[in-house]
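Residue 143 in our numbering sits at position 88 of the sequence shown, and the numbers go up by one each step.
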Amino acid sequence: MSQIRLDKIKKSYAQQVILEDFSVEIRDGEMVTVIGGSGSGKTTMLKLMNGLLTPDIGHVYIDDTDIQTVDQNQLRRNIGYVIQNIGLFPHMTIAQNIAYVLELEKKDSSFIEKRVKELIQLMNLDEEILNRYPDELSGGQKQRIGIARALAASPKILLMDEAFGAVDEITRHVLQDEILRIHQQLPITIVFVTHNIQEALRLGERVMVMKDGQIEQFDKSEQIQKNPQTDFVKLLLSYR
Ligand SMILES: Nc1ncnc2c1ncn2[C@@H]1O[C@H](COP(=O)(O)OP(=O)(O)O)[C@@H](O)[C@H]1O
Ligand SMILES: [Mg+2]
């Protein structure tokens with residue numbers, strides 16, 4: 056488990072300021088969902104958390120260590136990252152895709168084989184799938200493999216960016232159940248970005264609502280529903 060803390064961050068692209076004086080804390084082992092309009096800075100926030108972006112001003116801490124002071128490759132291997140239509144490597148088998156980070160870490164082959172099988176079981180998939188290639192899988196299966204790959208090196212943090220955005224409603228629901236189960240089974244902190252209000256409320260222990268680079272409300276899911284603090288939060292709730 057790990058705590059993530061963004062402290063007084065400013066982040067801009069060229070002239071455009073996206074986040075300013077932005078601070079937030081994700082608790083150890085929490086499952087947080089992040090929802091907001093397109094362009095509100097959700098992806099930017101997530102990429103600051105794993106060092107894909109660096110703040111112009113301010114600091115990102117994981118368990119009180121400024122992430123800029125640690126090895127960036129090591130950092131990213133210890134943070135799982137799942138995006139929509141995740142780039143599974145098309146020329147690699149599913150087994151090779153899942154094992155990718157473990158190969159980078161030069162784990163021995165018996166360890167890798169065992170770990171890949173564990174992950175396949177964790178994701179409720181059949182081992183028979185391991186020798187296939189990504190384009191021989193359904194959208195939901197691919198997304199599961201993306202999660203398995205992100206979890207391969209047993210990260211303490213899992214970041215998910217609209218990971219279930221490209222699958223049908225039924226599959227989305229099944230994947231939601233999976234991620235809830237995984238969060239119960241594994242001691243990890245999950246930050247899950249979505250543009251779907253039902254998904255945000257269903258999955259998040261706490262739900263962060265963002266608008267124009269600001270946090271409108273960050274509260275327990277029940278609390279957001281019972282006590283929306285701004286017109287924007289009320290509007291979002293009306294889309295349920
Ligand atoms: N690499 C980039 N260069 C310039 N502008 C960007 C870049 N990435 C994102 N932006 C802009 O920053 C704003 C926030 O983007 P983003 O964090 O991706 O929002 P969200 O994930 O909430 O849709 C948007 O206006 C977007 O166009
Ligand atoms: Mg985004």
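In this text, a Cβ means the ideal position worked out from N, Cα and C, and glycines have one as well.
Just the C-alpha distance for residue i and residue j, rounded to the nearest angstrom, thanks.
i	j	result
Ala207	His238	15 Å
Ile200	Asn186	13 Å
Val296	Met263	This structure gives no information on residue 296, because the portion of the chain shown stretches from 56 to 295.
Ile279	Phe273	8 Å
Lys63	Val79	9 Å
Gln231	Phe247	11 Å
Pro189	Glu260	32 Å
Leu103	Ser165	35 Å
Asp267	Leu290	15 Å
Ser95	Phe77	13 Å
Lys169	Ile245	24 Å
Ser276	His114	27 Å
Gln139	Thr249	10 Å
Ser293	Ser209	38 Å
Arg82	Asp118	10 Å
Ile184	Phe219	20 Å
Leu241	Glu75	34 Å
Gln269	Ile252	17 Å
Thr124	Tyr136	20 Å
Glu173	Asn105	25 Å
Val171	Val288	41 Å
Met215	Asp126	22 Å
Glu271	Ile90	10 Å
Is residue i near ligand 2, in the sense that its beta carbon is under 8 Å from a heavy atom of that ligand?
i	result
Glu217	yes
Lys97	yes
Ser276	no
Val79	no
Val264	no
Val171	no
Val248	yes
Which residue's Cα is closest to the Cα of residue i: the options?
i	options	result
Met178	His114, Ile149, Leu157	Ile149
Ala221	Pro210, Gln123, Gln58, Lys197	Lys197
Leu180	Val229, Val246, Lys66, Thr99	Val229
Glu224	Leu241, Gly195, Asp119	Gly195
Tyr116	Lys97, Gln58, Gln151	Gln58
Ile243	Gln151, Lys211, Ser93	Lys211
Glu254	Ile184, Gly268, Arg295, Lys289	Arg295
Met100	Ala218, Lys66, Ile138, Glu271	Lys66
Glu217	Thr98, Gln151, Gly94	Thr98
Glu233	Arg257, Gln269, Glu182, Ser293	Arg257
Met265	Arg60, Leu61, Ser93, Ile81	Ser93
Asp121	Leu61, Asn251, Asn152	Leu61
Ile134	Thr124, Val156, Asn152	Val156
Gln151	Thr226, Val125, Glu182	Glu182
Would you please state the rounded distance, in angstroms, between the beta carbons of residue i and residue j? I believe it to be under 8 Å.
i	j	result
Leu213	Ala205	6 Å
Ile175	Ala203	7 Å
Taking 8 Å as the line, does the beta carbon of residue i fall inside it for any heavy atom of ligand 1?
i	result
Met100	yes
Ser93	yes
Ile73	yes
Tyr68	yes
At least three beta-carbon pairs within less than 8 Å, the stretch 106-122 to the stretch 267-286: no
Touch test, the stretch 78-96 against the stretch 139-155, Cβ-Cβ under 8 Å, three pairs minimum: no
Cβ pair count under 8 Å reaching 3, the stretch 152-162 against the stretch 225-240: no
Any 3 or more C-beta pairs closer than 8 Å across the stretch 124-137 and the stretch 67-86: no
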